[in-house]
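Q: In my numbering, the protein residues as written are 624 to 1141. Okay, here's the structure, questions in a sec.
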Amino acid sequence: MQLKTYCLIFMIIVLEAFFISLILRPGIIKSRILFTDGKKNTTPVDLHLKLKPLNKLKFLSPYGSDWTFGRNACSCRILNPGMFTYDKFYAGNDNLAIINRRGLQYEQYKKRNESPAKKVIIAQPHSPLSYPTHGVEVKPLYSILIPGLAVHGMEGESNTVKLTATQGVFNTIVETPDGVVHGSGEKELTIRSPSLAIINNILKHVTYTSKKYQILSTDLVSFQFEEYTAEFAILIRVPPMIRLFDPGPDNSIDSLVTIVTKTFFRYHKLRILISSIRKFYPKIMIIIADDTDVTEKIEGPYILQYIMPFAKGWFAGRNLAVSQVTTKYLLWVDEDFEFTQETKLEKLVEVLEKTNLDLVRGHFFQQCAKGEEVGASVDQRVFTLKLWYEEGDDEGDCVFSQHGSFHPLDGFPGCVVTSVVVNFFLARTEKVRSVGFDPRFARIAHTEFFIDGIGSLLVGYCTNVKVGHQKKGAGNKAQNEVENKYATFRRFDRTKLQSRLDTTSFKNRLKCYTRMKV
């Protein structure tokens, strides 16, 4: 009788172990969650959870709108009248031809820029594979040892490990027994041995060799052992060449910063700006791009004036001026600004020297006749914008803008991180050049530069550095005539708007741009 009891207990233990092993093996039995109230009774419950309504998930959106989860493409939501749907502004009846041309250019862009590393890789549960998850990099046509490769588990009669690449090839740098390693010098390498110790020793010495010269690419490597498979990325790239600017032995503001501006007719405004700069920075270099029809020579030391074809344009002038900067930083100012005692460029330099910002804006104000500042609150609302970019579908992507800033800049009270700022900013010269100013925007443009810089420019704004805006009007008759002539080129009309939208839509592959209320 006692023997039967022992046998029955043994059978129960074996059956329990068998069912536990089935549960632990992935893909065999559908998982269930056990809820318990602390007592012995445990109730299995199948979870069939309903998604929360979208209006209850708005807190997950960075700008308080519908959360994008579950959508395959951004939506041109009509949040206020400030939305542009770009396809409505194409000229003529060739919308389809324009869309097709843009689609072709986009496919070429993706071939040059999209990386397989964007693929989401899910690690298997209870995987016996050890492999690198991040940080493996090789220069094109170079070879590296792949770190961290190993397998763990019970040895079988014949263990097989396989590595597969799509761009490079594998080799080993150790002598191996005959018949153990197959595929040396190929995109698929197989290692077979009854000993996991031998396999792991070989895996420590497996190399990857890039076979094509590419500036930037990614190879997804598949690592397989029995029924387990893992993927990891190898980055193939030529490291960007370092470019440094020598600040000189004294590290002075004059050797760190160049002031750049553009003029068009308004020499009276430009001379006031230069005079104000020289009060505080007598030796700082000033670069002027000038596309006036009848030019005037701007005399003085540390001034470079570049004459352009007449009315070549706003962004073309910016490109020319920026191209001639030889210092680490450039300060962009409009020709009708005016330096004051509060225009401390050293403070803006400190921000860029101690943070990872690429561009930082100062505050500008306009003075009334009595000297008080006006327009500060308007300035903050109109010219400090956050930009949100969302991927779209075949019709294009979306950009949303919103007044304000993302968050304070750590370590600098009064400074914030944002996306779009006014035309008084200090920036890293190389970063501005890498974004560039599209010369197709001739007369009216501003936000377009910062849209081009999405994902590249990190922008800030500080309130403790101020520049004045020259008083409007109150000039003599000749100056007023110049201002009127200048205004005719700045006049806004539908043709200019249409050209501006057409250019942005095609170049940035956008279907809409929306300004959202706070």
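Here a beta-carbon is modelled for each residue, glycine too, at the ideal position from N, C-alpha and C. The structure presented is a predicted model; accordingly, all values stated were derived computationally and were not measured.
Quick one: what's W955 bridged to in DSSP?
A: Residue numbering aside, residue 955 sits at position 332 when the sequence shown is read from its first letter. In the DSSP output, where bridge partners are listed per residue, W955 has V883, F1048.
Q: Does the distance from the CB of G771 to the CB of S753 come in under 8 Å?
A: Residue 771 sits at position 148 when you count from the first residue of the sequence shown. Residue 753 sits at position 130 when you count from the first residue of the sequence shown. Yes.
Q: Taking a contact to mean a Cβ-Cβ separation below 8 Å, would you say F938 touches T915 in this structure?
A: In the sequence shown, counting from the first residue as 1, residue 938 sits at position 315. In the sequence shown, counting from the first residue as 1, residue 915 sits at position 292. No, these two residues do not count as a Cβ contact at 8 Å.
Q: Is the Cβ of Y851 closer than 8 Å to any Cβ of chain B?
A: Within the model displayed, chain B is absent; a lone protein chain is all it includes.
Q: Given this structure, state the Cα-to-Cα distance separating I721 from R1066, to the nearest angstrom.
A: The residue you call residue 721 lines up with position 98 of the sequence shown. The residue you call residue 1066 lines up with position 443 of the sequence shown. If you take the alpha carbons of I721 and R1066, they lie about 24 Å apart.
Q: Do K1089 and T963 have their C-beta atoms within less than 8 Å of each other?
A: Reading the sequence shown from its first residue, position 466 is the one you call residue 1089. Reading the sequence shown from its first residue, position 340 is the one you call residue 963. The answer is yes: Cβ separation under 8 Å.
Q: Does DSSP put K679 in a helix, in a strand, or in coil?
A: Along the sequence shown, read from residue 1 onward, the residue named residue 679 stands at position 56. Reduced to three states, the DSSP call for K679 is helix.
Q: In terms of residue numbering, what span does the alpha helix (DSSP H) encompassing H891 cover?
A: In the sequence shown, residue 891 corresponds to position 268, counting from 1. It spans 890-903 - the alpha helix (DSSP H) in which H891 sits, taken as one unbroken run.
Q: Can you list, in chain order, the residues of its chain whose CB lies under 7 Å from that of K1119, leaving out five sequence neighbours each side?
A: Within the sequence shown, numbered from 1, the residue matching residue 1119 stands at position 496. Result list for K1119: R1066, I1067, in chain order.
Q: Would DSSP call N718 helix, strand or coil?
A: Within the sequence shown, the letter at position 95 stands for residue 718. Helix, per DSSP.
Q: Is the separation between the beta-carbon of K906 and that of Y925 shorter than 8 Å?
A: Counting from 1 along the sequence shown, the entry for residue 906 is found at position 283. Counting from 1 along the sequence shown, the entry for residue 925 is found at position 302. Against a cut-off of 8 Å, the Cβ pair of Y925 and K906 comes out as a contact.
Q: Using the three-state DSSP reduction, which class does S1042 fall into: helix, strand or coil?
A: The residue labelled residue 1042 in the question sits at position 419 within the sequence shown. Coil at S1042, not helix or strand.
Q: Cutting at 6 Å between CB atoms, please list the residues of its own chain near V1043, excluding the five before and the five after it.
A: Numbered from 1 along the sequence shown, position 420 holds the residue referred to as residue 1043. Taken in chain order, the residues that qualify are L1008, T1070, F1073.
Q: Excluding the 5 residues flanking I796 on each side, which residues of the same chain have their C-beta closer than 7 Å to its C-beta?
A: The residue you call residue 796 lines up with position 173 of the sequence shown. So the list reads H828, T830, once near-sequence residues are dropped.
Q: Indicate whether E969 and I857 have their beta-carbon atoms separated by less than 8 Å.
A: Mapped onto the sequence shown, residue 969 falls at position 346. Mapped onto the sequence shown, residue 857 falls at position 234. Taking 8 Å as the Cβ cut-off, E969 and I857 do not qualify as a contacting pair.
Q: With a threshold of 16 other CB atoms inside 10 Å of the CB of S818, please say whether the residue is buried or exposed.
A: The count along the sequence shown starts at 1 and reaches residue 818 at position 195. It counts as exposed.
Q: Of the choices I930, V972, F960, whose alpha-carbon is the least far from that of T950?
A: Start at 1 with the first residue of the sequence shown, and residue 950 comes out as number 327. Of the listed residues, the one whose Cα sits closest to T950 is V972.
Q: Is K1134 buried or exposed, if buried means 16 or more other CB atoms sit within 10 Å of its CB?
A: Here residue 1134 is taken as the residue at index 511 of the sequence shown, counted from 1. Flag for K1134 reads buried.
Q: Starting from the C-beta of Q747, find all residues in its chain whose C-beta is less than 8 Å away, skip the five residues before and the five after it, and write them out in chain order.
A: To locate residue 747, count along the sequence shown from 1; it is residue 124. Excluding residues within five positions, the ones whose Cβ falls inside 8 Å are P649, Y851, T852, A853.
Q: Please classify E798 as buried or exposed, where buried requires at least 16 other C-beta atoms within 10 Å of its C-beta.
A: Here residue 798 refers to the residue found at position 175 of the sequence shown. Burial call: exposed.
Q: List, from N- to C-terminal side, the alpha helix (DSSP H) runs of 4 residues or more that fit wholly inside the region 759-810.
A: Correct list: empty.
Q: Report, in whole angstroms, the separation of the C-beta atoms of V792 and G808, which I expect to be a contact under 8 Å.
A: Reading the sequence shown from its first residue, position 169 is the one you call residue 792. Reading the sequence shown from its first residue, position 185 is the one you call residue 808. So it is a contact: roughly 6 Å between Cβ atoms.
Q: Give me the Cα-Cα distance between K673 and T813, rounded to the nearest whole angstrom.
A: Here residue 673 corresponds to residue number 50 of the sequence shown, with the count starting at 1. Here residue 813 corresponds to residue number 190 of the sequence shown, with the count starting at 1. Each residue's alpha carbon lies about 46 Å from the other.
Q: Nearest by alpha-carbon distance to K742: which of R1132, K977, Q728, T841 is it?
A: Against the sequence shown, residue 742 aligns to sequence position 119. Of the candidates R1132, K977, Q728, T841, the one whose C-alpha sits nearest the C-alpha of K742 is T841.
Q: Excluding the five sequence neighbours on either side, which residues of its own chain have a C-beta within less than 8 Å of the C-beta of T1127, listed in chain order?
A: On the sequence shown, residue 1127 is found 504 positions in, with the first residue counted as 1. Y709, E1071, I1074, L1133, Y1136.
Q: So C699 and C1021 are supposed to be a Cβ contact under 8 Å. How far apart are they, rounded?
A: Position 76 of the sequence shown, counted from the first residue, corresponds to residue 699. Position 398 of the sequence shown, counted from the first residue, corresponds to residue 1021. 6 Å between Cβ atoms; contact.
Q: Check the C-beta distance from I910 over to A944 and give it rounded, since I have them as a contact under 8 Å.
A: Mapped onto the sequence shown, residue 910 falls at position 287. Mapped onto the sequence shown, residue 944 falls at position 321. That belief holds up - the Cβ atoms of I910 and A944 are roughly 5 Å apart, short of 8 Å.
Q: In whole angstroms, what is the alpha-carbon distance linking N874 and Y952?
A: Locating residue 874 in the sequence shown gives position 251, where the first residue counts as 1. Locating residue 952 in the sequence shown gives position 329, where the first residue counts as 1. Approximately 12 Å, taken between the alpha carbons.
Q: Taking 8 Å as the threshold (C-beta atoms), are I1077 and L1010 in contact?
A: Start at 1 with the first residue of the sequence shown, and residue 1010 comes out as number 387. Start at 1 with the first residue of the sequence shown, and residue 1077 comes out as number 454. Taking 8 Å as the Cβ cut-off, L1010 and I1077 qualify as a contacting pair.
Q: How should I822 be labelled, buried or exposed, when 16 other C-beta atoms within 10 angstroms of its C-beta is the threshold for buried?
A: Taking the sequence shown and counting its residues from 1, the one referred to as residue 822 is at position 199. Buried: at least 16 other Cβ atoms inside 10 Å.
Q: Which of the three DSSP states is assigned to D1020 in this structure?
A: The residue labelled residue 1020 in the question sits at position 397 within the sequence shown. Strand at D1020.
Q: Which of the three DSSP states is assigned to E594 in this structure?
A: In the structure as shown, the chain begins at 624 and stops at 1141. Residue 594 is therefore absent and cannot be evaluated.
Q: Could you tell me which residues DSSP pairs with F848 in its beta bridges?
A: Numbered from its first residue, the sequence shown carries residue 848 at position 225. The partner list for F848 (beta bridge, DSSP) reads V784, Y851.
Q: Could you tell me if H986 is buried or exposed, where buried requires 16 or more neighbouring beta carbons within 10 angstroms of its beta carbon?
A: Reading the sequence shown from its first residue, position 363 is the one you call residue 986. So H986 ends up on the buried side.
Q: To which residues of the same chain is E1053 closer than 8 Å at the C-beta, ignoring the five residues directly before and after it?
A: Your numbering for residue 1053 matches position 430 in the sequence shown. R866.
Q: Apply the 10 Å Cβ neighbour rule to D1016 and answer buried if 16 or more other Cβ atoms are within range, or exposed otherwise.
A: Locating residue 1016 in the sequence shown gives position 393, counting from the first residue. Label assigned to D1016: exposed.
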